[in-house]
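These notes are about the structure you will find just below.
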Amino acid sequence: MDQEEEEEEVQKEEEVEEKEEEEVEVQKEEEVEEKEEEEVEEKEEEVEEKKEEEVEKKEEEEELQKEEEVEEKKEEEVEKEEEVEKEEEVEEKEEEEVEEKEEEVEEARGEMEKRRRRRKKKKRRR
Numbered sequence: 001m002d003q004e005e006e007e008e009e010v011q012k013e014e015e016v017e018e019k020e021e022e023e024v025e026v027q028k029e030e031e032v033e034e035k036e037e038e039e040v041e042e043k044e045e046e047v048e049e050k051k052e053e054e055v056e057k058k059e060e061e062e063e064l065q066k067e068e069e070v071e072e073k074k075e076e077e078v079e080k081e082e083e084v085e086k087e088e089e090v091e092e093k094e095e096e097e098v099e100e101k102e103e104e105v106e107e108a109r110g111e112m113e114k115r116r117r118r119r120k121k122k123k124r125r126r
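Reading the sequence shown from the start, the letters are residues 1 to 126 in UniProt numbering.
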């Protein structure tokens, strides 16, 4: 082998080494890009999950609020019904009192009528 062949061989080896180094560098860059993409995807997923959680939380809060409103309405209805029942009881008592007074008045009239008849009889006897 002469010097020229040796130089060519050395040059070829250097070229092969350079290509290998370039390939290694390109591979490293690709790995770095891949990692960055994965991180970005993970962050996007986290953001999406947080959004979904917030939406779920809002929906749950709205549902709770609706349930509370329904419960309040039911309580109001119960209170109204109780008020109506109390009013009906008061009216019933008042009616009973009126009936009792009417009966008393009837009895008093009956008594007065009896007395009047007795007086008339007594007057007639005299």
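Heads up, the beta-carbon is just placed ideally off N, CA and C, and yes, glycines get one too.
To the nearest angstrom, how far is the alpha carbon of Lys123 from that of Lys93? Taking the straight line joining both Cα atoms gives about 44 Å.
Taking the C-alpha atoms as reference points, what is the distance between Lys74 and Glu63? Each residue's CA atom was taken as its position, placing Lys74 and Glu63 some 16 Å apart.
Can you list, in chain order, the residues of its chain with a C-beta nearer than 8 Å to that of Arg116? Leave out the 5 residues immediately preceding and following it. Once the five neighbours on either side are set aside, Arg116 has no close Cβ partner at all.
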